[in-house]
Amino acid sequence: MSKVTHLSTAKHPSALPQYEMRARRLSGSDIEVEIWQLPASATPHIRQPTYIAGLRGRNLSLIEHRLLRRLKQSRIDLNNLPTFDALRIAVDEEMAISLGLLFRALAPMRNREHIVAVAEGIEAMTKEEAGYWLGMAMHRKYPRRVLMALRFLLIEPKL
-14 MSKVTHLSTA
-4 KHPSALPQYE
6 MRARRLSGSD
16 IEVEIWQLPA
26 SATPHIRQPT
36 YIAGLRGRNL
46 SLIEHRLLRR
56 LKQSRIDLNN
66 LPTFDALRIA
76 VDEEMAISLG
86 LLFRALAPMR
96 NREHIVAVAE
106 GIEAMTKEEA
116 GYWLGMAMHR
126 KYPRRVLMAL
136 RFLLIEPKL
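Following this note's numbering, the numbering of the sequence shown begins with -14 at its first residue and continues without gaps.
(1) Could you compute how far the alpha carbon of P93 sits from the alpha carbon of G39?
(2) Quick check: what's the CA-CA separation for H99 versus I140?
(3) Spatial neighbours of L(-8) within its chain, please: C-beta separation below 6 Å, excluding the five flanking residues on both sides.
(4) Should P142 be labelled buried (16 or more other beta-carbon atoms within 10 Å of its own) or exposed?
(5) So what does DSSP say about A92, is it helix, strand or coil?
(6) Below 8 Å on the Cβ atoms is my guess for I20 versus L84; work out the distance and round it to an integer in Å.
(7) What residue does the beta strand (DSSP E) around G116 start on, and which one ends it?
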């Protein structure tokens, strides 16, 4: 019973990995946004959708303007999410990697200034750099250490 919107990923098989952004409205004005990797011919080891990262609540509201600006460039509108329905939209690899890393890095954070610094640092990364950090965060034995190292590098120390 959820609304599903795809940009026809199944009709046109590609040699690229396939990603999907899922967004849904929670109570009130709170939303949840997740990035998933879908099975594709480019990724035969992925047989079912794989969760990459998600963000909601306070941390999402702190970077929501950045997220909406980025999604607007790709003609994706999250302002009119239906209540209790999930919106599923295919996204390109660069956006999926960047948002996946952003969501994973920001999820446990509490300091507003640090959240802004990390968000700015990840936005400034190239696709390759963000892919490196996301791969490390997803496939290492201790992913929290990788994300902590990234946060440490992106937050400038006070002098």
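Note that beta-carbon positions come from the ideal geometry of N, C-alpha and C, so glycine has one too.
Short version:
(1) 11 Å
(2) 6 Å
(3) Because L(-8) sits at a pLDDT of 46, beneath the cut-off of 50, its placement in the model cannot be relied upon, and the following sentence gives the value as read from the coordinates. Excluding sequence neighbours, L(-8) sits near A75.
(4) exposed
(5) coil
(6) 5 Å
(7) Run containing G116: none in the beta strand (DSSP E); it sits in the alpha helix (DSSP H), K112 to H124.
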